[in-house]
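In the UniProt record's numbering, the protein residues as written are 1 to 179. Glycine included, every Cβ here is placed at the ideal spot set by N, Cα and C.
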Amino acid sequence: MVRILDMLFAFVDRRTESFTRRVAQRSSRRSFLTRSSTFILGSALLPVLPFDSGVSKAWAGSTDTSDPTSCDYWRYCAIDGNLCSECGGTITACPPGSEVSKVSWVGTCRNPADDKDYLVSYNDCCGKAECRGKTCLRNERERPGYDMGLNNDVSWCMANTSQGYHCTVVGLLSVIEPE
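Quick look at the structure:
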């Protein structure tokens with residue numbers, strides 16, 4: 001077995017050396033540096049390219065969208081966290097001993113009961129140890145981390161005095177009227 005591995009490594013070494021020598025004979029160091037720098041810079045700029053906003057339509061839900069104890073509840077379309085209703089609070093109020101985060105993320109969720117889209121605010125409750133209640137992770141239409149207001153993987157307790165995450169509450173901000 002060791003002999004086979006030695007032969008394989010020798011073969012890979014020969015092929016790599018041969019390829020490297022051919023590239024070195026056909027290009028200069030300056031050309032190599034120019035191309036590699038262009039590749040690295042292009043890769044760094046790739047995340048800021050425009051994205052298709054057509055995918056940001058409201059999500060209609062999957063199973064029982066009317067049960068607030070289910071992660072499939074329609075208001076939870078962009079939630080990432082523990083439900084405060086399972087941790088001593090309610091859907092819209094933090095449990096005693098914790099405080100609502102000063103910053104939040106938002107989502108656009110469709111209520112199947114009236115077939116309207118709503119702007120929904122998600123606020124973390126901060127100041128107590130993390131609650132081990134029901135954890136819901138719904139990332140419909142989540143955006144990359146550089147667009148913080150549309151990303152739910154951020155510690156939203158960052159602006160509070162006590163930055164420990166406990167659970168998440170959900171509030172309706174407004175109905176979205178069609179244009």
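Could you pull the DSSP bridge partners for lysine 116 from this structure? Asn111
Check tyrosine 76 in the structure and name its three-state DSSP category. helix
With distances taken between CB atoms, is the gap from tryptophan 74 to arginine 110 smaller than 9 Å? Yes. Within cutoff.
Which residues in the same chain have their Cβ closer than 6 Å to the Cβ of threonine 135, if we skip the five residues on either side of it in sequence? Asn82
Any idea what DSSP makes of glutamate 140, helix, strand or coil? Three-state result, glutamate 140: coil.
Valine 169, DSSP secondary structure in three states: In the displayed model, valine 169 falls within a strand according to three-state DSSP.
For a test of the three-state rule: what should DSSP assign to threonine 135, helix, strand or coil? strand
Measure the C-alpha to C-alpha separation of glutamine 25 and methionine 1 and round it to an integer number of angstroms. 36 Å
Over the uninterrupted alpha helix (DSSP H) stretch that includes glutamine 25, give me the two end residues. 2-26
Of the residues Gly171, Ser101, Leu8, the one placed nearest threonine 161, counting alpha carbons only: Ser101
If the criterion is Cβ atoms closer than 9 Å, does the pair cysteine 157 and glutamate 86 meet it? no
Using the three-state DSSP reduction, which class does alanine 60 fall into: helix, strand or coil? Caution is warranted here: a pLDDT of 41 is assigned to alanine 60, below 50, making its placement in the model unreliable, and the coordinate value is therefore given only provisionally. Of the three classes helix, strand and coil, the one that applies to alanine 60 here is coil, per DSSP.
Lysine 128 versus serine 37: straight-line alpha-carbon distance, rounded: Here the alpha carbon of lysine 128 sits roughly 47 Å from the alpha carbon of serine 37.
By the three-class DSSP mapping on this structure, what secondary structure does serine 121 have? strand
Would you tell me roughly how many angstroms separate the C-alpha atoms of serine 27 and serine 18, rounded to the nearest one? 15 Å
Tell me the DSSP secondary structure of cysteine 126 in three-state form. strand
For glutamate 177, which of helix, strand or coil comes out of DSSP? coil
I'd like to check one pair, glycine 107 with cysteine 77: are the Cβ atoms closer than 9 Å? yes
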